[in-house]
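Novice: Chains as they are written, first to last, in the working numbering: chain A, 70 to 389; chain B, 70 to 389; chain C, 70 to 389; chain D, 70 to 389.
1. What span of residues does the alpha helix (DSSP H) with residue 356 (chain D) cover, start to end?
2. Output the distance between the C-alpha atoms of residue 86 (chain A) and residue 260 (chain A), rounded to the nearest integer angstrom.
3. By the three-class DSSP mapping on this structure, what secondary structure does residue 200 (chain D) have?
4. Look at the alpha carbon of residue 227 (chain C) and the alpha carbon of residue 121 (chain C), and state the distance between them as a whole number of angstroms.
5. Taking the continuous alpha helix (DSSP H) assigned at residue 266 (chain B), which residues delimit it?
6. Within the continuous beta strand (DSSP E) that includes residue 229 (chain D), where are the two ends?
7. What do you get for residue 174 (chain D), buried or exposed, if any count of 16 or more other CB atoms within 10 angstroms of its CB means buried?
8. Does DSSP put residue 258 (chain D) in a helix, in a strand, or in coil?
9. Give me the subset of the segment 274-303 of chain D whose CB atoms are less than 7 Å from a CB atom of chain B, sorted by chain position.
10. Relative to the alpha-carbon of residue 356 (chain D), which residue among D:158, D:279 and D:150 has its alpha-carbon at the smallest distance?
11. Just checking my contact of residue 95 (chain C) with residue 389 (chain C) at CB under 8 Å: how many whole Å lie between their CB atoms?
12. How big is the Cα-Cα spacing for residue 267 (chain B) and residue 265 (chain C)?
13. Are the beta-carbon atoms of residue 146 (chain A) and residue 138 (chain A) separated by less than 8 Å?
14. Residue 123 (chain B) CB to nearest chain D CB: under 8 Å?
15. Work out the CA separation of residue 182 (chain A) and residue 144 (chain B) for me, nearest whole Å.
16. For residue 141 (chain C), tell me which candidate among C:289, C:380, C:317 and C:382 has the shortest Cα-Cα distance.
17. Can you have a look at residue 364 (chain C) and say buried or exposed, based on whether 16 or more other CB atoms are within 10 angstroms of its CB?
18. Nearest chain D C-beta to residue 318 (chain C) closer than 8 Å, yes or no?
19. Report the residue from C:291, C:249 and C:339 whose alpha carbon sits nearest the alpha carbon of residue 111 (chain C).
20. Counting along the chain, where does the alpha helix (DSSP H) carrying residue 170 (chain B) start and finish?
21. Distance cutoff 8 Å, beta carbons only. Does residue 130 (chain C) sit that close to anything in chain A?
22. Should residue 351 (chain D) be flagged as near chain A, meaning a C-beta pair shorter than 8 Å?
23. Taking only runs that begin and end inside the segment 119-157 of chain D, name each unbroken alpha helix (DSSP H) of 4 or more residues, in chain order.
24. Below 9 Å on C-beta distance, what does residue 269 (chain A) contact in chain D?
25. For a contact meaning CB atoms closer than 7 Å, what does residue 362 (chain C) contact in chain A?
26. So which residues of chain B does residue 143 (chain A) contact, with C-beta pairs closer than 7 Å?
27. Could you tell me whether the Cβ of residue 263 (chain C) comes closer than 8 Å to any Cβ of chain B?
28. Between the C-alpha atoms of residue 197 (chain C) and residue 298 (chain D), what's the straight-line distance to the nearest angstrom?
29. Run through chain D and tell me which residues come within less than 7 Å of residue 370 (chain C), C-beta to C-beta.
30. For residue 223 (chain B) and residue 149 (chain B), I'd like the C-alpha separation in whole angstroms.
31. Among the candidates C:109, C:292 and C:378, whose CA atom is the shortest distance from the CA of residue 349 (chain C)?
32. Just to confirm my understanding: we take residue 336 (chain A), look at its own chain, exclude 5 residues before and 5 after, and list those with CB closer than 6 Å. What are they?
33. With DSSP as the reference, identify every bridge partner of residue 251 (chain A), one or two as the case may be.
34. For chain C, check one thing: does any of its Cβ atoms lie closer than 8 Å to the Cβ of residue 365 (chain B)?
35. From A:233, A:105 and A:155, pick the residue whose C-alpha is nearest to that of residue 118 (chain A); which is it?
36. Looking at the structure shown, is residue 303 (chain D) part of a helix, part of a strand, or coil, going by DSSP?
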């Protein structure tokens, strides 16, 4: 077997499952929507609302707290900015940014929530922390107030029970019961363009549409994945994941079985985590529709892995 | 002993060491420069230059890669953006952002370099990675190219030896020998203001001055620390670090021994890591000078810990 | 009469009118709300929705189009960004930015709309222009399509009738009937702080609250006015407007009749234009409430000019 | 003659002059550099350095002051941000932004300098104004200090003679002698791409390279022109300028004489103004080199108009 040719097992893994598809092609605004589905997995989602005396300061703390948080494969959590809260709607009347942290394991998620608040938000100037999802029936208790060394005290901001912790910059206000919900992670779609910049522009507008929803994040840098992977490796047996070579444009002429459409020069993947199946589905709908408004998009597809990734399926034909 | 009163050991810890100080007060632009010093420690510093087809894309990848990287106490590394490289000066003619990752342990640093590149830069659209400090005599080899699953190949960008790895978005270019140097971490100074916003404005201009140097970072969110800490705790024996209560403005009237000057409402700390003692010293000089240009700054001080933090001392009187 | 002492006429002009005030002081979150009113004038308001293939591109065009548009005293129009439209809500599914242009004279406003679109939006990459206020019963027709030199053609984007004009970058899409409504300009309030940076931070959060409404703008740079003026001059008879010396903190000890409260170091003015009296009133309400959340604010006031500026009054006691 | 066919006079106008060209094609990084030249004109250039207590505030004032300043055909001046000054290099130790205003007529330029400072910088919080080009042998005096109504006074910032004008926000500092030099306006090049997004990405990186130089601006929105024009009109005799139809990609199949290369989908023009012929030449060099680093660029050209625009020529073959 030629090293450029994947074995059958690999092929089943990369090629999109088609057995229960209708096989009906959809064309939306001139873009082929492949009849396939995205596969996603269960994840606990914690929502943290960060406010500050200026939007920029809340955003800086948020970016620090969600950094190094693209994929649970290599990071402590999947994390991203989910929402911008205007002063009028914020518990303390100041601008806010809501972030989500996502992990399948609840205990692991709690550790990440505590650590990222302690390192990246408590340390940031003028910030306060609130439960970002008050409707959540479950919360994780965090004990940041011990940092106050006994000088901290309990008080209220509106109807929120908070701790006020004396710090060098003033007082750090924190609502310590952070809401968590069972959400869905790994919702995804592929955008295939006739130039790298067309595909990227479509990906960026798709991310904006997805993030316009209040309870979704795109945890990868700028929301766009450039290096989609397959499970395992053809050549390096010690690698758990390697480049998804069937979807690599520069390999189209070099391998058999390439899934790169004619004329396509780049594929970007959008990955969506959210607080529910429905919000991820809506996000995929809105993102795909937005992407198709950019000139030069050839095809939309999605990634699935024979159920190895998770139980949730999002059929593109149902989403559109 | 009242619980609000620290024991002597604590007091020695927080109060700035004065035995070998000259005791000569310096007034700079109306601001009192305390005759004390900052204490800092040794750290290995890796420098990664990220380029992309647009500055914004390089910056997005950089922010993801340096996120959750404020302090080695709770993060895998201290990390930050050190420099912006114009297309004219970049190895591939595209805009670049240089980040530094810092950790005292070389092996641990290597792991962080590999993981943060793999999760946050390889995944980001159009990025390439180069050694950010070509003069470094020591490098850490990273083997990201295995991700290419055998389809990767070696090539050159100018005089740099790089790998080209096929990815869905095109090709990921990486110079795998990342330079490291012995640097200094934890250089710091305190900015004390007559209002929270004055202190913050001075801190922000100080950070800009520090970051104008090419080989320094301020790893905290926005470069500013709001919640400086002391070692241990008066009340909670299980806490390794708690709020530096002697410097908390809201506690001035409640504790004995407060080090908060009259009329001061907020203290922000600037922490600087850099590739050498000299560049950190220059950064402290430039940052303090910049801060003193903001109206409402009362005093500049610095943090030291009886040598428990590290061997390096930066006397403010020498710096100014 | 000492030149530092204004004559009575001037005094009547600067001092806030008090005859029909209730004299009842309001304290909101510890901030004194002066019992006075803002005076505002009638203005025609044109609303232009700019879309682009990326939010950043729409915003760049918008910033160019609203630039040099702070006050009708010295600029062709008062102009600013009013709203950000998400792809899901935009006529062409792309990100949008809505700007308002304001002038009392309808013909003059039309000229400004045409010129600013032609110079700043038509020239910007990937932009399209739509009527930003479809409910408006009156529109101003603009004939940008002549730029197409006969190669332009009429088409539809959704239910909007547009022109498609061939340009070097592709096609420029424009809906040429731009809606205008009778609005209100010059709504305002003063924020007085105990430090320059406190007043500024409160002003910035107030601007964010005002701009969170969809049909208001703050035409000054960053939405904040640092140099409020009075009509005429004490010393230079050729000057139509000079510094509002009664409100200058640095003159408090030098002049008689200073209106600067004790302990106050800076006053920033927020000026609001909007599509109706009610939206400007709401904006003032939201802005003042937001400002009072910042530590160090002493007093809120407003500017009025004996009816010389215009017929509309916004009493702070009614607004709060 | 068919209305889609330009008359000879027009053709001579649009087609690039070739008589004194060598006819030698240059290929740079796979991109065809057309053997033509850019035509530019003389302009007076005023340089204003704006500082503020925070970079963002200086930039906000700068953006307001340079807005509605793309082309002298329809705007009061051509204007743009030329340089960012770090605190260490700024006259008052605060972050600075240098803007250029350009106009062929010195008196008209002076009016623009005065008006834009008065409306957009004096009004902006914490700003100060300095001569941005101290080496200039000629200055235009501006009398903003009359705004102080006699309360203003003269003082020094370092070695700069300035006025301090009391304003509501504190004091406005201004050096009233603004340097002007004879510069060059209208330097330009065309970037032709195989997709709109490729051409745009190349244009954006070119703008970044151009603006990395200290004394150049790109006055159009984001530095990129999407709607290049020709003088006059084929069809609408009342139009002074209309779309440059020979370079419109969507018209390639519809007109005779199209200058759009095969496979090209979008052309963006970069226009450069600067303080001298040499700096504009350097900017064109750096911009073209940067643009050629983006995948999908087919050709670089430039605009010239039989000397009707101005006396300066920049031959691409000399620049490269």
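All C-beta atoms, glycine included, are put in the ideal place defined by N, C-alpha and C.
Specialist: Checking against the coordinates, here is how it stands:
1. 346-360
2. Residue placement at residue 86 (chain A) is flagged as unreliable, the pLDDT there being 38, under the threshold of 50; a coordinate-derived value is accordingly withheld.
3. strand
4. 16 Å
5. 265-281
6. 229-236
7. exposed
8. strand
9. 274, 277, 278 and 281
10. D:279
11. 6 Å
12. 7 Å
13. yes
14. yes
15. 13 Å
16. C:289
17. buried
18. yes
19. C:249
20. First-last for residue 170 (chain B): 165-172, but that is the beta strand (DSSP E), not the alpha helix (DSSP H).
21. no
22. no
23. 124-135
24. 266 and 270
25. 161, 162 and 163
26. 184, 187 and 188
27. yes
28. 18 Å
29. In chain order: nothing, as chain D lies at least about 11 Å away.
30. 29 Å
31. C:109
32. 259, 261 and 316
33. A:113
34. yes
35. A:155
36. coil
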